[in-house]
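Working notes, structure below.
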Amino acid sequence: MFLKNTNRNRAVVVGGGIAGKLAARVLSEFFKEVILIEKDKKNDQVTNRKGVPQGNQGHVLLKSGEEIIEELFPGIFQELSRNGASKTDFARDLLWSHHGTQKIRFDSNVFISQQSRPLLEWQIQQRLEKIPNINFRFDSKVQNLKFKTDEVNFIVIEDKNGTIMELLADLVIDASGAAALHNQWLMDSGYKVPAKTEIKVDLFYASMVFKKLSHATIDWHSLLAYPNPPEFERGGMISPIEENRTLVTLIGYATKEAPKNIDSFMEYAETLEQPEFYEVIKNELPLSEDVQVYRFPALRRYHFEKIRNSPSGLLVIGDAFCRVDPVFAQGMSLAAMEAKVLRELLMRGLNKKQLTKSYHKKVSRILDIPWLIALTEDFRFRTTSGRKPIGLPILQWYVKKVVAACSHNEHVYKRFIQVLHLKSHPISLAHPGILAKVLKTTK
Ligand SMILES: Cc1cc2nc3c(=O)[nH]c(=O)nc-3n(C[C@H](O)[C@H](O)[C@H](O)COP(=O)(O)OP(=O)(O)OC[C@H]3O[C@@H](n4cnc5c(N)ncnc54)[C@H](O)[C@@H]3O)c2cc1C
404 MFLKNTNRNR AVVVGGGIAG KLAARVLSEF FKEVILIEKD KKNDQVTNRK GVPQGNQGHV
464 LLKSGEEIIE ELFPGIFQEL SRNGASKTDF ARDLLWSHHG TQKIRFDSNV FISQQSRPLL
524 EWQIQQRLEK IPNINFRFDS KVQNLKFKTD EVNFIVIEDK NGTIMELLAD LVIDASGAAA
584 LHNQWLMDSG YKVPAKTEIK VDLFYASMVF KKLSHATIDW HSLLAYPNPP EFERGGMISP
644 IEENRTLVTL IGYATKEAPK NIDSFMEYAE TLEQPEFYEV IKNELPLSED VQVYRFPALR
704 RYHFEKIRNS PSGLLVIGDA FCRVDPVFAQ GMSLAAMEAK VLRELLMRGL NKKQLTKSYH
764 KKVSRILDIP WLIALTEDFR FRTTSGRKPI GLPILQWYVK KVVAACSHNE HVYKRFIQVL
824 HLKSHPISLA HPGILAKVLK TTK
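Right under this line is the structure:
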């Protein structure tokens, strides 16, 4: 289906991560041709890529993201399940310790799909390849973007042989992730760059892959040990991935010291507040030899919504727009929500200038919520620094009460899950029925 009213010939997507792939899928409905440019080689199998170094860390896909991805690629979660992803009930199958309390476990009927990040990306790639008007240029690095009369005009790429070429583009989506290429492009062409907010957290992730865990005490599918700041700044996650494997991830805030080998990995796991974590892995041998470490120094958000005169036709999606704290598992779902905004705006047939403005404004509004959720928690840690949200002490006090209520009240926990999965606004946790239950909680 192409919309009739425009000269929508060619859209170019820069970066083939989750955000770039979802954007390409959306654009394929509206443009005669979509070109996706990715600096990595094409992945012929399910392995992590150099361009996505965070890919071998634990990645949970929230319900909000799952639903949009399913809408864009009907049947994809069945395919994932055939390829080894597991469907688990978020409340029943997750053993979750949070601020020193344990979440109540019950049948919530909120089922999530659990798989490695590379499998999810690979499955989406398989579906993209079936869309005839999407062309891929792997092994090609975008170098620059050129503008003409305040509109994107062409993109400059370097292929694997070092050949530089220019491609005409009517619309460009920057999905370059942490690289956030838009900043350099705008600067090089003399445009104002968007203001940036950073919140320093000094977080690390360290992961190892094990055979499916078999400890006799396990009656859960995943274990989440959220830190209990300010005393405990360490945490971890154990989750099933395809091929009967378990991904064990350790995290630490306010530190640069990450475990580097199996011994220090186990030692670190033993220091977590939740003894089950170490108990179930201590006698297991990892399948992977190395500990994969990823450092996440700061959350980062660009404020495109505040720029008055940005050039038309350059839209930013995913981590290139905003990198939220990965611990809240929001990044991929936000990319999906942004792709949905793009689709809705393209359906309205806006011109390029309107599209650019409306898109960044709407996305920015979406980002306000996960940003606030993350900051409310992140400022509990000793060394987090940056601009604090308004009303932080009261927010932190109330969230802790909600968390405590989630240890015994299914109703509150169900609502909390909806908020966590970006399906409901956090204000819904203050509705009278929930508020009364939360305030009754003594802890
Ligand atoms: C440790 C960690 C754990 C996380 N856990 C979760 C989680 O549990 N759940 C969740 O939803 N999210 C999680 N996230 C966030 C998630 O990984 C990102 O939000 C998501 O991958 C966003 O994807 P993206 O496409 O914007 O960026 P990326 O996936 O980083 O992709 C960017 C792409 O751009 C390409 N690229 C860069 N520069 C160029 C160039 N010059 N030319 C061409 N191509 C280029 C790269 O090669 C790459 O393929 C986590 C992040 C981290 C760091």
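Under my numbering, the first residue of the sequence shown is numbered 404, with each subsequent residue one higher. Glycine is no exception: its CB is placed at the ideal position from the N, C-alpha and C atoms.
Looking at the structure shown, is residue 521 part of a helix, part of a strand, or coil, going by DSSP?
Position 118 of the sequence shown, counted from the first residue, corresponds to residue 521. Helix.
Let's test the definition: count the other Cβ atoms within 10 Å of the Cβ of residue 448 and tell me whether it reaches 16, buried, or not, exposed.
Mapped onto the sequence shown, residue 448 falls at position 45. The residue in question, residue 448, is exposed, as its Cβ has fewer than 16 Cβ neighbours within 10 Å.
Whole angstroms is fine: what's the gap from residue 805's alpha carbon to residue 811's?
Within the sequence shown, the letter at position 402 stands for residue 805. Within the sequence shown, the letter at position 408 stands for residue 811. Distance between the alpha carbons of residue 805 and residue 811 is about 11 Å.
What's the call for residue 565, buried or exposed, on a 16-neighbour Cβ count within 10 Å?
Indexing the sequence shown from 1 puts residue 565 at position 162. Exposed.
List the whole-angstrom C-beta distance separating residue 458 from residue 452, where the pair is believed to meet the contact cut-off of C-beta under 8 Å.
Locating residue 458 in the sequence shown gives position 55, where the first residue counts as 1. Locating residue 452 in the sequence shown gives position 49, where the first residue counts as 1. Residue 458 to residue 452, Cβ: 6 Å. Contact.
Using a 10 Å radius around the Cβ and a threshold of 16 neighbouring Cβ atoms, would you call residue 620 buried or exposed?
For this step, residue 620 is matched to residue 217 along the sequence shown. Classification for residue 620: exposed.
What's the call for residue 622, buried or exposed, on a 16-neighbour Cβ count within 10 Å?
In the sequence shown, counting from the first residue as 1, residue 622 sits at position 219. Residue 622 comes out exposed.
How far does the beta strand (DSSP E) with residue 577 in it extend, from its first residue to its last?
Within the sequence shown, residue 577 is the residue found at index 174, counting from 1. Note, residue 577: beta strand (DSSP E), 574 to 577.
Apart from the five residues on each side of it in sequence, which residues of its chain come closer than 6 Å, Cβ to Cβ, to residue 415?
Residue 415 sits at position 12 when you count from the first residue of the sequence shown. Here the set comprises 438, 558, 572, 575.
If you check the beta carbons only, do residue 817 and residue 511 fall under 8 Å apart?
Taking the first residue of the sequence shown as 1, we reach residue 817 at position 414. Taking the first residue of the sequence shown as 1, we reach residue 511 at position 108. Their beta carbons are under 8 Å apart, which means residue 817 touches residue 511 by this criterion.
Given residue 594, which residues of its chain have a CB within under 7 Å of its CB, disregarding the five upstream and five downstream residues?
Translated into the one-based positions of the sequence shown, residue 594 becomes position 191. Once the five neighbours on either side are set aside, the close Cβ partners of residue 594 are 713, 714.
So for residue 462, helix, strand or coil by DSSP?
In the sequence shown, the residue the question calls residue 462 occupies position 59. Looking at residue 462 - three-state DSSP - the assignment turns out to be coil, as it is neither helix nor strand.
What are the start and end residues of the beta strand (DSSP E) that includes residue 701?
Translated into the one-based positions of the sequence shown, residue 701 becomes position 298. Its beta strand (DSSP E) spans residues 695 to 706.
Is the CB of residue 681 under 8 Å away from at least one CB in chain E?
The structure shown has no chain E; it contains just one protein chain.
If you follow the alpha helix (DSSP H) that residue 585 is in, where does it begin and where does it stop?
Numbered from its first residue, the sequence shown carries residue 585 at position 182. First-last of the alpha helix (DSSP H) with residue 585: 585 to 591.
Tell me the start and end of each unbroken beta strand (DSSP E) in the segment 524 to 573 that is at least 3 residues and wholly inside, in chain order.
Taking only runs of at least 3 residues, the beta strand (DSSP E) segments lying wholly in the segment 524 to 573 are 537 to 540, 544 to 551, 554 to 561, 567 to 571.
By the three-class DSSP mapping on this structure, what secondary structure does residue 779 have?
Here residue 779 is taken as the residue at index 376 of the sequence shown, counted from 1. Residue 779: helix per DSSP, three-state reduction.
Taking Cβ positions, are residue 670 and residue 613 nearer each other than 8 Å?
Translated into the one-based positions of the sequence shown, residue 670 becomes position 267. Translated into the one-based positions of the sequence shown, residue 613 becomes position 210. Their beta carbons are not under 8 Å apart, which means residue 670 does not touch residue 613 by this criterion.
What would DSSP say about residue 762, mapped onto helix, strand or coil?
Along the sequence shown, read from residue 1 onward, the residue named residue 762 stands at position 359. Reduced to three states, the DSSP call for residue 762 is helix.
Within 10 Å of its beta-carbon, does residue 625 have 16 or more other beta-carbons around it, so buried, or fewer, so exposed?
Along the sequence shown, one-based indexing puts residue 625 at 222. By the neighbour-count rule (16 or more Cβ atoms within 10 Å), residue 625 is buried.
Excluding five sequence neighbours on each side, which residues of the same chain lie with their C-beta closer than 6 Å to the C-beta of residue 513?
In the sequence shown, counting from the first residue as 1, residue 513 sits at position 110. Excluding residues within five positions, the ones whose Cβ falls inside 6 Å are 493, 820.
Which of the three DSSP states, helix, strand or coil, is assigned to residue 443?
Sequence index remark: in the sequence shown, residue 443 carries index 40 (1-based). Correct three-state label for residue 443: coil.
Pull up the DSSP beta-bridge partners for residue 735, would you.
Locating residue 735 in the sequence shown gives position 332, counting from the first residue. DSSP lists no partner for residue 735.
Taking DSSP's pairing of strands, which residues face residue 501 in a bridge?
Start at 1 with the first residue of the sequence shown, and residue 501 comes out as number 98. 504, per the DSSP bridge assignment.
Within a Cβ cutoff of 7 Å, which residues of the same chain sit near residue 630, ignoring the five residues on either side of it in sequence?
Taking the first residue of the sequence shown as 1, we reach residue 630 at position 227. Within the same chain, residue 630 has close Cβ partners 636, 637, 638, 656.
From the DSSP secondary-structure annotation, give me the bridge partner or partners of residue 600.
Taking the sequence shown and counting its residues from 1, one reaches residue 600 at position 197. 704.
Can you look up residue 614 in the DSSP assignment and give me helix, strand or coil?
Along the sequence shown, read from residue 1 onward, the residue named residue 614 stands at position 211. Here residue 614 sits in strand by DSSP.
Taking only the alpha-carbon atoms, compute the straight-line gap between residue 787 and residue 529 and give it to the nearest angstrom.
Position 384 of the sequence shown, counted from the start, is the residue given in the question as residue 787. Position 126 of the sequence shown, counted from the start, is the residue given in the question as residue 529. Whole-angstrom Cα-Cα distance: 40 Å.
Can you tell which of 722, 776, 649, 443 has the C-alpha that lies nearest to the C-alpha of residue 829?
On the sequence shown, residue 829 is found 426 positions in, with the first residue counted as 1. Taking only the C-alpha atoms, the option nearest residue 829 is 776.
Kindly indicate which residue of 602, 489, 504, 600 has the alpha-carbon position closest to the one of residue 644.
For the purposes of this step, residue 644 is taken as residue 241 along the sequence shown, with counting starting at 1. When each option's Cα is compared against that of residue 644, the closest is 489.
So, using beta-carbon positions, are residue 454 and residue 578 closer together than 8 Å?
Looking up residue 454 in the sequence shown gives position 51. Looking up residue 578 in the sequence shown gives position 175. Taking 8 Å as the Cβ cut-off, residue 454 and residue 578 do not qualify as a contacting pair.
Give me the residue from 827, 833, 832 with the minimum Cα distance to residue 466.
Numbered from 1 along the sequence shown, position 63 holds the residue referred to as residue 466. Closest option to residue 466, Cα to Cα, is 827.
Helix, strand or coil: which one does DSSP assign to residue 801?
Reading the sequence shown from its first residue, position 398 is the one you call residue 801. Note: residue 801 maps to helix in three-state DSSP.
Anyone know if the C-beta pair for residue 684 and residue 672 falls short of 8 Å?
Residue mapping note: residue 684 aligns to position 281 of the sequence shown, counting from 1. Residue mapping note: residue 672 aligns to position 269 of the sequence shown, counting from 1. Result yes, Cβ atoms of residue 684 and residue 672 sit closer than 8 Å.
Suppose you measure from the CA of residue 411 to the CA of residue 609; what does that come to, to the nearest Å?
Taking the sequence shown and counting its residues from 1, one reaches residue 411 at position 8. Taking the sequence shown and counting its residues from 1, one reaches residue 609 at position 206. Roughly 44 Å separates the two Cα atoms.
For residue 405, which residues of its own chain have a beta-carbon under 6 Å away from its beta-carbon, when the five flanking residues on both sides are left out?
For this step, residue 405 is matched to residue 2 along the sequence shown. Confidence at residue 405 is low in this model, with a pLDDT of 40, below 50, so its placement is unreliable and the value that follows should be read with caution. Counting only Cβ-Cβ distances below 6 Å, and skipping sequence neighbours, we find nothing.
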